[in-house]
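Numbering (full-length UniProt numbering), first residue to last: 1 to 123.
Even for Gly, the Cβ is constructed at its ideal location relative to N, Cα and C.
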């Protein structure tokens with residue numbers, strides 16, 4: 001399901017490869033980039049990624065980010081709706097994980113094809 005959500009949100013072509021976006025794909029990508037273009041959301045992504053299990057509960061994120069629980073939940077909802085996070089409800093708590101394929105797709109869309117080929121060859 002993770003990949004399907006990311007594919008629904010992100011276009012598959014890249015203007016860096018000489019393939020221009022149509023209006024709908026540009027709007028989808030702009031929505032994901034808007035979700036990323038907030039310092040609090042970037043910090044939330046980094047906190048979740050850096051957590052020992054690669055996931056975090058809202059209760060674990062409010063103190064480090066210095067925002068109230070409703071505000072953190074709002075930011076997490078935006079990141080989840082954009083396909084960058086996955087949410088799992090456990091009892092009364094919700095746990096969030098990064099969707100690596102969505103992050104990789106964004107990186108691929110923004111990386112010129114020649115550099116992308118160099119990175120893949122180095123792996």
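DSSP three-state assignment for residue i, whether helix, strand or coil
i         : result
residue 3 : Note that residue 3 scores 37 on pLDDT, short of 50, meaning its location in the model is unreliable; the coordinates nonetheless yield the value given after this. Helix at residue 3.
residue 8 : A caution first: residue 8 carries a pLDDT of 45, below 50, which makes its placement in the model unreliable, though a value can still be read off. Residue 8: helix per DSSP, three-state reduction.
Sequence-distant residues of the same chain with beta carbon closer than 8 Å to residue i, five excluded per side
i          : result
residue 62 : 68, 69, 72
Expected contact under 8 Å - CB spacing of residue i and residue j to nearest Å
i          : j           : result
residue 87 : residue 80  : 5 Å
residue 65 : residue 44  : 6 Å
residue 99 : residue 84  : 6 Å
residue 32 : residue 106 : 7 Å
residue 48 : residue 97  : 7 Å
residue 26 : residue 75  : Not quite, the Cβ-Cβ distance comes to about 24 Å (not below 8 Å), so this is no contact.
residue 37 : residue 82  : Not confirmed; about 11 Å, so no contact.
6 Å CB neighbourhood of residue i in its chain, flanking five on each side removed
i          : result
residue 95 : 55, 57, 88
residue 93 : 57
Counting only runs that start and end within the UniProt domain "HTH arsR-type" (21-118), where is the alpha helix (DSSP H) found for 4 or more residues in a row?
Scanning the UniProt domain "HTH arsR-type" (21-118) from its first residue to its last, the whole alpha helix (DSSP H) runs of 4-plus residues come out as 23-36, 39-50, 58-65, 69-81, 100-110.
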